[in-house]
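In what follows, a structure is listed as structure tokens, so that the remarks can point back to it.
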Amino acid sequence: MSEIKLDLSNCQLQRILNLQERKKTLSHSFFLKIEKFPNSEVTGPEERRGEEMGAKSKSEKFSAEFVMGGTAAIVSKSAAAPIERVKLLLQNQGEMIKRGQLKTPYTGVRDCFKRVFREEGLFSFWRGNQANIIRYFPTQAFNFAFKGYFKGLFGCSKEKDGYIKWFTANVASGSAAGATTSLFLYHLDYARTRLGTDARECPINGQHQFRGLFDVYRKTLSSDGILGLYRGFGVSIMGISLYRGMYFGIYDTMKPIILVGSFEGNFFASFLLGWSITTVSGVCAYPFDTLRRRMMLTSGNPVKYRNSMHAFHEIIRLEGFQALYRGVTANMLAGVAGAGVLAGYDQVHRIAVRYGYVLEPRQNTMK
22 MSEIKLDLSN CQLQRILNLQ ERKKTLSHSF FLKIEKFPNS EVTGPEERRG EEMGAKSKSE
82 KFSAEFVMGG TAAIVSKSAA APIERVKLLL QNQGEMIKRG QLKTPYTGVR DCFKRVFREE
142 GLFSFWRGNQ ANIIRYFPTQ AFNFAFKGYF KGLFGCSKEK DGYIKWFTAN VASGSAAGAT
202 TSLFLYHLDY ARTRLGTDAR ECPINGQHQF RGLFDVYRKT LSSDGILGLY RGFGVSIMGI
262 SLYRGMYFGI YDTMKPIILV GSFEGNFFAS FLLGWSITTV SGVCAYPFDT LRRRMMLTSG
322 NPVKYRNSMH AFHEIIRLEG FQALYRGVTA NMLAGVAGAG VLAGYDQVHR IAVRYGYVLE
382 PRQNTMK
């Protein structure tokens, strides 16, 4: 048997393999030994064209996913904005009453809707929504940048390393990426909270405290400095870790039990499972969300919580444990509104794939 050495580009090699696949019977049999030279450089024009097309394809894929995801996020956040603002008002009404910005407590979701509409009008339900929309695009950019790094740092295989190690690495990488992203974008969440809880039912002058997004930054930096924009950041990271841990743990456990047989690949079954797990995880992590937002509202005020434990102790002492769960029903309703819009995203995704765009399915992430 004679041995012939050929220096082929990847494109030329692929042509040979395709030819062999089409013509199962050849006049001569041969063995193909492929060796990759570490210092070899791509010089062939076909190779360069292939790489350019691959880079263009990746760029188009990312751009399409970014635009479609951004559109879905804008529609989703805008659709859920009224119920999200009601959730913020219910959740933080104890702090608002202490500050003199609310006369009497809200009795529930319906009462909150009615009073806000009467005092501020219809469009006030979207107050602060612009911060939510602005936050999406840098969040995607940071997630794209940090995803690969933390995945390589914490990544494990379930088959190779076992479930416990894989699960721990999954939670650790998700929490690290979430914490890093929050480090850069937490101030937008702060601004959204301050605008959303800025009710006009104040017995002093009946006016909003903030005129808009930039006014929140101006007044907070003037009174508290940069730390005022990050009040509650520590307990926020704890909430993210708990949420992600429960989400991945429950989903990985329930998916092979529920999404089998006739439910395998069923859109509505997957939707209900994902929403149910998101709701359960969100309810368990909700007290952390309440603590961080209550701490946010103390920026600009002379009396502040020393830390999250002090906030927890004071809220329980003065308002009872149930205060940590005020607004949780509205939060669940907001999840339904957002999930309904994202279901429409999946339909657009299928149309895009039909016309040649190869996109990744949308992942469920924490708000």
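Counted the way my numbering counts, the sequence shown spans residues 22 to 388. Each residue gets a CB set at the ideal place from its N, CA and C atoms; glycine is no exception. Note that this is a predicted model, so its numbers are computed, not measured.
Residue i: buried (16+ other C-beta within 10 angstroms of its C-beta) or exposed?
{"i": "E62", "result": "Confidence at E62 is low in this model, with a pLDDT of 48, below 50, so the placement of that residue is unreliable and no value is reported for it."}
{"i": "T64", "result": "Any reading at T64 must be qualified, since the residue scores a pLDDT of 49, below 50, and its modelled position is unreliable; no value is offered."}
{"i": "F284", "result": "exposed"}
{"i": "Q384", "result": "Confidence is the limiting factor: at Q384 the pLDDT is only 49, short of 50, which leaves the residue's position unreliable and the question unanswerable from this model."}
{"i": "T92", "result": "exposed"}
{"i": "G199", "result": "buried"}
{"i": "A306", "result": "buried"}
{"i": "S243", "result": "exposed"}
{"i": "R131", "result": "exposed"}
{"i": "G303", "result": "buried"}
{"i": "N60", "result": "The pLDDT assigned to N60 is 49, lower than 50, so where the model puts this residue is not dependable; a value taken from the coordinates is nonetheless given after this. N60 is exposed by the Cβ-count criterion."}
{"i": "T125", "result": "exposed"}
{"i": "Q21", "result": "Residue 21 lies beyond the stretch modelled for the chain, which goes from 22 to 388, so this question has no answer here."}
{"i": "P382", "result": "Low per-residue confidence applies at P382: pLDDT is 49, beneath 50, and the placement is therefore not dependable enough to give any value."}
{"i": "V357", "result": "exposed"}
{"i": "L143", "result": "exposed"}
{"i": "I278", "result": "exposed"}
{"i": "V88", "result": "exposed"}
{"i": "Y268", "result": "buried"}
{"i": "L123", "result": "buried"}
{"i": "S257", "result": "buried"}
{"i": "A355", "result": "buried"}
{"i": "A166", "result": "exposed"}
{"i": "Y184", "result": "exposed"}
Would you kindly check if the distance between the Cβ of residue j and the Cβ of residue i is under 8 Å?
{"i": "R215", "j": "F231", "result": "yes"}
{"i": "D310", "j": "G249", "result": "no"}
{"i": "H229", "j": "D219", "result": "yes"}
{"i": "G253", "j": "M330", "result": "no"}
{"i": "Q112", "j": "R338", "result": "no"}
{"i": "T202", "j": "F175", "result": "no"}
{"i": "A100", "j": "N150", "result": "no"}
{"i": "R221", "j": "E141", "result": "yes"}
{"i": "E246", "j": "R148", "result": "A quick correction: the sequence has Gly, not Glu, at residue 246. No, these two residues do not count as a Cβ contact at 8 Å."}
{"i": "G266", "j": "V324", "result": "no"}
{"i": "L345", "j": "A332", "result": "no"}
{"i": "L206", "j": "T241", "result": "no"}
{"i": "A410", "j": "I95", "result": "Lying outside 22 to 388, the shown extent of the chain, residue 410 is not represented and no answer is given."}
{"i": "N322", "j": "R106", "result": "no"}
{"i": "Y264", "j": "I298", "result": "no"}
{"i": "T274", "j": "M353", "result": "no"}
{"i": "Y127", "j": "L110", "result": "yes"}
{"i": "K98", "j": "I154", "result": "yes"}
{"i": "E335", "j": "Y326", "result": "yes"}
{"i": "S194", "j": "F158", "result": "no"}
{"i": "L280", "j": "L293", "result": "no"}
{"i": "S262", "j": "S196", "result": "yes"}
Span of the alpha helix (DSSP H) holding residue i?
{"i": "T274", "result": "F254 to I279"}
{"i": "T202", "result": "Y184 to G217"}
{"i": "T241", "result": "L234 to D245"}
{"i": "H229", "result": "That residue, H229, is in no alpha helix (DSSP H); it is neither H nor E in DSSP."}
{"i": "E116", "result": "Q114 to R120"}
{"i": "S329", "result": "S329 to E340"}
{"i": "R139", "result": "V130 to E141"}
Under 7 Å from any heavy atom of the ligand MN, does the C-beta of residue i make it?
{"i": "V137", "result": "Here there are no bound small molecules, and the ligand MN is not part of this structure."}
Quiz item: At a cut of 8 Å, does the segment 286-302 reach the segment 185-204 through at least three beta carbon pairs?
Solution: As far as the Cβ criterion goes, the segment 286-302 does not touch the segment 185-204, which means the pair count is below three.
Exercise. Give a yes or no on contact between the segment 232-249 and the segment 128-145, applying the rule of three or more CB pairs nearer than 8 Å.
Key: Contact fails: fewer than three Cβ-Cβ distances are below 8 Å.
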